[in-house]
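Okay, so here's the structure we're looking at.
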Amino acid sequence: QPIVDLATGEIYKAEALIRWMHPERGTISPLDFIALAEDTGLIVPIGDWVFKQAVRQAHQWRQRFHPSFQISVNISPVQIRQDNLVCIQWSEYLIQEGMPRQSVAIEITEGLLLDAELNEKLLSFRDAGMGISIDDFGTGYSSLAYLKRFDIDYLKIDRSFVQNLGFDGGNQALCEAMVMLAHKLGLQVIAEGVETTDQRDFLAAVGCDFAQGFLYSEPVPSDQFEERVWPAVTAIAD
Ligand code: C2E
Ligand code: CA
Ligand code: CA
10 QPIVDLATGE IYKAEALIRW MHPERGTISP LDFIALAEDT GLIVPIGDWV FKQAVRQAHQ
70 WRQRFHPSFQ ISVNISPVQI RQDNLVCIQW SEYLIQEGMP RQSVAIEITE GLLLDAELNE
130 KLLSFRDAGM GISIDDFGTG YSSLAYLKRF DIDYLKIDRS FVQNLGFDGG NQALCEAMVM
190 LAHKLGLQVI AEGVETTDQR DFLAAVGCDF AQGFLYSEPV PSDQFEERVW PAVTAIAD
């Protein structure tokens, strides 16, 4: 799914969102199988596969669309807990592919920052130079001190705040406050679930950096991204 720069309308970021193409049941949502993959441990090889696909895709799109194209991948706490070497292996993969570290960003949820065992490992991703985003921001328990301590790059405002922006002054205030807070701490902000031009305009007016949502495109396979989404969104920006 593309992530659009609100100031220029350009696309040089995207989020990798997995689907299971089942031969009989058709497309299965991650909401229906990620939890199962976590319980069985399969999340480790699945997560590796997602990461490698993202790196390869970023490589192509850096050549084709934008020299600093970045793809973010969702990482499950179970993955970090079970696989001690994940960070080292991913760093090595980036080197092997000749890709700069910033060509990928890792999306984690707020809870992970508060887990002492896991946040140690999180530091190794940061030290390896990969981008780090806090996903679904505002829905969990977060400690603002952690945002600074872990040198987080992006804060993703959860869809629930964006959805009611039009008619809920409270959510307007919250979105604006989150943008201000993030900027004071040196983070950039991505608003999730942007579906209307009113939401986009409000977010742009309060200085939100990026937007992602059905207004621009639902998540699509990479060939459709190239053939349809990128040209269409970029044409609007021009
Ligand atoms: P998420 O990381 O919060 O991803 C955003 C979800 O919001 C996606 O659902 C996306 O399709 C949906 N979305 C995007 N724009 C809009 C919009 O404008 N309106 C609405 N109503 N929804 C929008 P999706 O693709 O079903 O993914 C669900 C969750 O599954 C993700 O939530 C993420 O937590 C997890 N997930 C997806 N791919 C992976 C993966 O590769 N690894 C892991 N560990 N988790 C994944
Ligand atoms: Ca995400
Ligand atoms: Ca999210």
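If you read the sequence shown in the working numbering, its first letter stands for residue 10, the second for the next number, and so on. Every residue, glycine too, gets a C-beta built ideally from N, C-alpha and C. On a predicted model such as this, the values are computed, not experimentally measured, just so you know.
- Counted as a single uninterrupted DSSP element, the beta strand (DSSP E) harbouring PHE146 occupies residues 140-146.
- Those residues whose C-beta sits under 5 Å from the nearest heavy atom of ligand 2 are, from N- to C-terminal order along the chain, ASN83, GLU116, ASP144.
- Contact annotation: CYS184 and LEU174 have beta-carbon atoms nearer than 8 Å.
- The stretch 70-136 is shown to contain whole alpha helix (DSSP H) runs of 4 or more residues at 86-91, 95-105, 119-123, 125-136, in chain order.
- In this structure MET187 is not in contact with PHE159, their Cβ atoms being roughly 17 Å apart against a cut-off of 8 Å.
- As computed with DSSP, PHE223 is found in no beta bridge at all.
- Short note on GLU201: C-beta closer than 7 Å to some heavy atom of ligand 3.
- The shortest C-alpha to C-alpha distance from ASP167 to any of VAL238, ALA16, PRO86, GLY222 is the one to GLY222.
- For the options GLN105, LEU156, PHE211, the alpha carbon positioned closest to that of ARG65 is the one of GLN105.
- Taking a contact as a CB-CB distance under 8 Å, the pair ILE52 and SER85 counts as one, their CB atoms being some 5 Å apart.
- Beta-carbon to beta-carbon, ASP162 and SER142 are separated by about 7 Å, close enough to satisfy the 8 Å threshold.
- Per DSSP, the unbroken beta strand (DSSP E) holding TYR163 starts and ends at 163-166.
- In this structure VAL198 is in contact with ASP218, their Cβ atoms being roughly 5 Å apart against a cut-off of 8 Å.
- Residue state for VAL198 is assigned as strand, using DSSP reduced to three classes.
- Under the DSSP assignment, TYR155 falls in the alpha helix (DSSP H) whose first and last residues are 153-158.
- Shortest gap from the CB of LYS165 to any heavy atom of ligand 3: under 7 Å.
- Taking the Cβ of SER85 as the reference point, at least one heavy atom of ligand 1 falls within a distance shorter than 7 Å.
- Assignment of GLY35 by DSSP, reduced to helix, strand and coil, places it in the strand class.
- The three-state reading of DSSP puts ILE27 in coil, since its state is none of H, G, I, E or B.
- It is roughly 18 Å from the alpha-carbon of GLU47 to the alpha-carbon of CYS96.
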